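Participant:
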Amino acid sequence: MSRDSQQKHLSTTALAKAIGKDSKELFILLANSGWIIKVDGHWQLTEKGRFEGGTYANHPKYGEYIVWPESLKNHPVMGLLPEAPLGARNLALKLSLPARLINVLLAERGWIEKHVHGWLATEAGKALGAQQHVSESTAIPFVTWPETLLDNPALQQTVAALKPDAAHCLDGHEPAESGLNLINNWLYVTGLTHARRYALALTLGQYRDQSVTVDFYLPQQRVAIVYWPAEAAPGKLAATLELREKLKAAHCPVIELEQAQLDNLDEVLARELMKLGVAVY
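The numbering used here puts the sequence shown at residues 4 to 284.
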């Protein structure tokens, strides 16, 4: 009995899971490496794929599919990450950012653009190695990238601006406390028009005809955002309570953010905006 026949065999999807990659990325990698080829809409092994241990298995419902020896997890081809395509999910893992934020970040850089559903690579993106693909099951377009993108200075600058210690503002606003910088950059990257240090006129309640200054204001959605840092300056607590009272009395939609929420800002802010009828994604 051959050594391969004694090994556990994995489908391409299971193999992708075992090495921590999306299955669609592994299919692309194996196709680019000449191991598999698509014939009449189905993946088939090439001679090279057979040489590397690929064979076929049958499923009673789904029919014939390709399987690989489990030892393939350690094959040198799996180490070709600099040239292996990375989807938004894998980029998110490597950059420690939410996956859904990756595509809007890449769009802000001008490397992809929104399609009706999905994303299309721009000429600028293709110049950086972007590869355009279309999902077989949904026909939704998506883009993959070489790992060299992770070393791109423009990408690194944007990623740094979306971390809790953000030191600058991507949209040209004056830098402030890091928490404010992060909130500003998130609003900018997600395409939400906003003002900083906005004088909001109160038109309802006992404080009408007065104005208060809020950290951010979204004019199209008429939503104020206020950030409370962990270490407030002397007298800040009293000012905070006064601002909160006035906004409540004026029935002004407001989102209050605290420093402890910065690590999960994408989740928190998208959820709070959704409560106010504003869909970010």
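Backbone N, C-alpha and C fix where the C-beta goes; we use that ideal spot for every residue, glycine too. All values derive from a computational prediction rather than experimental measurement.
Would you kindly work out how many angstroms separate the C-alpha atoms of residue 275 and residue 114, rounded to a whole number?
Facilitator: Walking along the sequence shown from the start, residue 275 turns up at place 272. Walking along the sequence shown from the start, residue 114 turns up at place 111. Cα to Cα, residue 275 sits roughly 29 Å from residue 114.
Participant: By Cβ distance, which residues of its chain are closer than 7 Å to residue 261, with the 5 residues on each side in sequence left out?
Facilitator: Here residue 261 refers to the residue found at position 258 when the sequence shown is read from its first residue. So the list reads 231, once near-sequence residues are dropped.
Participant: Rounded to a whole number of angstroms, what is the C-alpha to C-alpha distance between residue 53 and residue 70?
Facilitator: Taking the first residue of the sequence shown as 1, we reach residue 53 at position 50. Taking the first residue of the sequence shown as 1, we reach residue 70 at position 67. Looking at the two C-alpha atoms, the distance is approximately 10 Å.
Participant: Going by C-alpha distance, which of 193, 29 and 157 is nearest residue 127?
Facilitator: Working through the sequence shown from its first residue, we reach residue 127 at position 124. Closest option to residue 127, Cα to Cα, is 157.
Participant: Evaluate residue 50 with the Cβ neighbour count: other Cβ atoms within 10 Å of its Cβ, from every protein chain shown; 16 or more gives buried, anything less gives exposed.
Facilitator: Residue mapping note: residue 50 aligns to position 47 of the sequence shown, counting from 1. Residue 50 is exposed by the Cβ-count criterion.
Participant: Just how far apart, CA to CA, sit residue 272 and residue 258?
Facilitator: Translated into positions along the sequence shown, residue 272 becomes position 269. Translated into positions along the sequence shown, residue 258 becomes position 255. Using only the alpha carbons, I get a separation of about 8 Å.
Participant: With a 10 Å radius around its C-beta and 16 neighbouring C-beta atoms as the bar for buried, classify residue 187 as buried or exposed.
Facilitator: Translated into positions along the sequence shown, residue 187 becomes position 184. By the neighbour-count rule (16 or more Cβ atoms within 10 Å), residue 187 is buried.
Participant: For residue 147 and residue 200, what's the separation of their Cα atoms in angstroms?
Facilitator: The residue you call residue 147 lines up with position 144 of the sequence shown. The residue you call residue 200 lines up with position 197 of the sequence shown. Answer to the nearest angstrom: the Cα atoms are 39 Å apart.
Participant: Name the one or two DSSP bridge partners that residue 246 has.
Facilitator: Residue 246 sits at position 243 when you count from the first residue of the sequence shown. DSSP, once it has assigned bridges, lists no residue as partnering residue 246.
Participant: Flag this pair as yes or no: are the beta carbons of residue 81 and residue 22 separated by less than 7 Å?
Facilitator: Taking the first residue of the sequence shown as position 1, residue 81 is located at position 78. Taking the first residue of the sequence shown as position 1, residue 22 is located at position 19. Yes, they are a contact pair.
Participant: How far does the beta strand (DSSP E) with residue 109 in it reach, from first residue to last?
Facilitator: Sequence index remark: in the sequence shown, residue 109 carries index 106 (1-based). Taken as a continuous stretch (DSSP letters only), residue 109 belongs to no beta strand (DSSP E), being part of the alpha helix (DSSP H) at 102-111.
Participant: Please state whether DSSP places residue 31 in a helix, a strand or coil.
Facilitator: Residue mapping note: residue 31 aligns to position 28 of the sequence shown, counting from 1. In this structure, residue 31 counts as helix in the three-state DSSP scheme.
Participant: Let me make sure I understand the geometry here. Which of 265, 159 and 142 has the alpha-carbon closest to that of residue 105?
Facilitator: Your numbering for residue 105 matches position 102 in the sequence shown. Selected option, being the one with the closest Cα: 159.
Participant: Using the DSSP secondary-structure output, state which residues sit across from residue 41 in a beta bridge.
Facilitator: Taking the first residue of the sequence shown as position 1, residue 41 is located at position 38. In DSSP, residue 41 forms a bridge with 46.
Participant: Nearest to residue 130 by CA position, among 152, 243 and 122, is which residue?
Facilitator: Reading the sequence shown from its first residue, position 127 is the one you call residue 130. Among 152, 243 and 122, the Cα nearest to that of residue 130 belongs to 152.
Participant: Express the C-alpha separation of residue 221 and residue 170 in angstroms, rounding to a whole number.
Facilitator: Locating residue 170 in the sequence shown gives position 167, counting from the first residue. Locating residue 221 in the sequence shown gives position 218, counting from the first residue. Rounded to whole angstroms, residue 170 to residue 221 spans 22 Å at the Cα level.
Participant: Taking the alpha-carbon positions, what's the residue 93 to residue 24 distance?
Facilitator: Working through the sequence shown from its first residue, we reach residue 93 at position 90. Working through the sequence shown from its first residue, we reach residue 24 at position 21. Spanning the two alpha carbons is a distance of roughly 7 Å.
Participant: At the level of alpha carbons, what is the spacing between residue 55 and residue 15?
Facilitator: Position 52 of the sequence shown, counted from the start, is the residue given in the question as residue 55. Position 12 of the sequence shown, counted from the start, is the residue given in the question as residue 15. Each residue's Cα considered, the two are about 13 Å apart.
Participant: Taking its Cβ as the centre, do 16 or more other Cβ atoms sit within 10 Å of residue 280, making it buried, or is it exposed?
Facilitator: If you number the sequence shown from 1, residue 280 lands on position 277. Looking at its Cβ environment, which holds fewer than 16 other Cβ atoms inside 10 Å, residue 280 is exposed.
Participant: What's the C-alpha gap between residue 145 and residue 89?
Facilitator: Looking up residue 145 in the sequence shown gives position 142. Looking up residue 89 in the sequence shown gives position 86. Cα-Cα distance, rounded: 11 Å.
Participant: Along the alpha helix (DSSP H) that carries residue 114, what are the first and last residues, could you check?
Facilitator: In the sequence shown, counting from the first residue as 1, residue 114 sits at position 111. No alpha helix (DSSP H) holds residue 114; DSSP gives it neither H nor E.
Participant: What residue range does the alpha helix (DSSP H) around residue 189 cover?
Facilitator: Within the sequence shown, residue 189 is the residue found at index 186, counting from 1. Segment 181-192, the alpha helix (DSSP H) holding residue 189.
Participant: Can you list, in chain order, the residues of its chain whose CB lies under 8 Å from that of residue 178, leaving out five sequence neighbours each side?
Facilitator: As a position in the sequence shown, residue 178 is number 175, starting the count at 1. Within the same chain, residue 178 has close Cβ partners 170, 171, 172 and 184.
Participant: Using the beta-carbon count (16 or more within 10 Å), is residue 249 buried or exposed?
Facilitator: As a first step, residue 249 is located in the sequence shown; it is residue number 246 there, counting from the start. With 16 or more Cβ atoms within 10 Å of its Cβ, residue 249 is classed as buried.
Participant: List the whole-angstrom C-beta distance separating residue 265 from residue 182, where the pair is believed to meet the contact cut-off of C-beta under 8 Å.
Facilitator: If you number the sequence shown from 1, residue 265 lands on position 262. If you number the sequence shown from 1, residue 182 lands on position 179. Contact flag correct, Cβ pair sits at about 6 Å.
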